[in-house]
Each structure stands twice: as structure tokens, then as C-alpha cells.
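K.L.:
Quick one: structure below, then a few questions.
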Amino acid sequence: MNNYKITNLRTSKSYFLNEEEKAKFLKKNKFKNYDIINLSKLKRIKINKILDTIIFVSFFAAAILTTILIIEIYY
1 MNNYKITNLR
11 TSKSYFLNEE
21 EKAKFLKKNK
31 FKNYDIINLS
41 KLKRIKINKI
51 LDTIIFVSFF
61 AAAILTTILI
71 IEIYY
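First residue of the sequence shown? That's 1 in this note's numbering, and the numbers climb one at a time after it.
Written out as C-alpha cells, the structure reads:
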């Protein structure tokens with residue numbers, strides 16, 4: 001279930017709603033007066049960035065350790 005942050009562009013008031021509440025809310029109110037942000041999608045993007053960083057650091061560390069191991073064995 002997705003969570004949304006809906007901000008009124010005129011008053012800057014924020015509403016935190018799920019999918020069902022968002023549908024009901026937008027039926028009652030005009031869509032053009034609100035900025036809608038999908039919080040679930042933003043959370044996934046944040047987690048993916050963290051995982052990408054971990055993968056990059058792990059790959060870099062593995063390359064350094066492999067180089068050190070090769071140097072110790074052959075020299």
C-alpha cells in the first residue's frame with residue numbers, strides 16, 4: 001500500500017494519506033491545487049541508493065584485498 005504526502009499549494013498544509021484516503025480526498029477537492037508526493041516510492045529510492053553505495057564499497061574493498069593477496073603470494 002502506497003503512502004502519499006499531499007500539500008496544498010496555497011496554504012502549504014500537508015496531509016499524509018494512503019491510497020484509499022487519497023482517492024476520497026481528490027474526489028472532494030480540486031487536483032490542481034495540490035502537490036502529491038509518493039512517500040513509498042521515495043523510501044524505495046533512498047534504500048536503493050544505500051544498497052548501491054554498499055555494493056560499490058564492497059566491490060572496491062574486494063579489489064584491494066585481492067591485490068594485496070596477489071602481492072603477498074607472488075612476491
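For each residue, glycine too, the CB sits at the ideal point set by N, CA and C.
Quick caveat: nothing in here was measured; it's all calculated off a predicted structure.
1) Taking the beta strand (DSSP E) that Lys5 belongs to, which residues open and close that run?
2) Taking the C-alpha atoms as reference points, what is the distance between Asn8 and Arg44?
3) Are there three or more Cβ pairs, one per stretch, closer than 8 Å when the stretch 19-29 is compared with the stretch 39-54?
4) Any idea which residues DSSP pairs Leu17 with across the strands?
5) Tell me whether Tyr4 is buried or exposed, calling it buried when 16 or more other Cβ atoms sit within 10 Å of its Cβ.
6) Candidates Phe56, Asn2, Tyr75 and Ile73: which alpha carbon is nearest Ile37's?
P.N.:
Answer, in terms of the structure:
1) Taking the sequence shown and counting its residues from 1, one reaches residue 5 at position 5. Its beta strand (DSSP E) spans residues Asn3 to Asn8.
2) Mapped onto the sequence shown, residue 8 falls at position 8. Mapped onto the sequence shown, residue 44 falls at position 44. Between Asn8 and Arg44, the alpha-carbon positions lie close to 24 Å from each other.
3) Here the stretch 19-29 does not lie against the stretch 39-54, with fewer than 3 beta-carbon pairs under 8 Å apart.
4) Numbered from 1 along the sequence shown, position 17 holds the residue referred to as residue 17. Residue pairing from DSSP places Leu17 in a beta bridge opposite Tyr4.
5) Counted from its first residue, the sequence shown places residue 4 at position 4. Buried: at least 16 other Cβ atoms inside 10 Å.
6) The count along the sequence shown starts at 1 and reaches residue 37 at position 37. Closest in C-alpha terms to Ile37, from the list Phe56, Asn2, Tyr75 and Ile73, comes Asn2.
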